[in-house]
Structures are given as structure tokens and as C-alpha cells.
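Participant: Position one of the sequence shown corresponds to residue 1 (the working numbering), numbered consecutively onward.
Sending over a structure as C-alpha cells; questions will come in a sec.
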Amino acid sequence: MPDSVYKIIELVGSSTESWEKAAQNAIEAAGKSLRELRIAEVKKMDMHLKDGKVEFYRVKLKVSFKYEGHH
1 MPDSVYKIIE
11 LVGSSTESWE
21 KAAQNAIEAA
31 GKSLRELRIA
41 EVKKMDMHLK
51 DGKVEFYRVK
61 LKVSFKYEGH
71 H
């Protein structure tokens with residue numbers, strides 16, 4: 001990555017199915033407005049519970065994308 005700059009943001013995705021789907025939901029949503037997503041690092045995984053059962057899964061991600069600021 002010669003002379004490249006990347007910005008890192010945090011995203012939280014959720015899903016009633018799985019942590020993987022929660023992460024995928026976050027990435028797909030970010031991909032609609034951000035270009036050249038590079039790396040997604042899972043920072044935290046948790047579950048919301050209701051009546052002793054999993055209501056939904058949640059994943060916090062750090063996502064990097066190529067920074068295209070004006071010079």
C-alpha cells in the first residue's frame with residue numbers, strides 16, 4: 001500500500017440469526033456509503049437476552065477504508 005492513508009471507524013451490527021450475520025449486516029450497510037473497505041476487525045460480541053433466550057446478536061467492528069481526502 002504505497003503512500004496510502006486509511007481511516008478507521010467503529011460500527012455495530014445486529015442480527016437475530018448470528019454474530020456472523022450481525023457483522024455482515026454492518027459491513028453491507030457501510031459499503032453503501034463508503035468505498036474501498038479494507039479490513040474489519042471484530043472488537044466485541046454480545047447478545048441481548050429476553051426471557052432467558054437470545055433476542056439478537058450484536059457485533060462491534062473496527063472497519064478501515066481508503067481515505068480520499070483532498071490534498
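Using N, Cα and C, we set each Cβ at its ideal position, and we do this for glycine too.
Bear in mind the structure is a predicted one, so any value in this text is a computation, not a measurement.
Tell me Val59's beta-bridge partners as DSSP assigns them.
Facilitator: Gly13 and Met45
Participant: Buried or exposed for Val42, please, with buried defined as at least 16 other CB atoms from any protein chain shown within 10 angstroms of its CB.
Facilitator: exposed
Participant: Take Ser64 and list the residues in its own chain whose beta-carbon comes closer than 6 Å to its own, dropping the five residues that flank it on each side.
Facilitator: Tyr6, Ile8, Arg38 and Ile39
Participant: Express the C-alpha separation of Lys60 and Trp19 in angstroms, rounding to a whole number.
Facilitator: 10 Å
Participant: Do you know offhand how far Glu68's Cα is from Glu36's?
Facilitator: 10 Å
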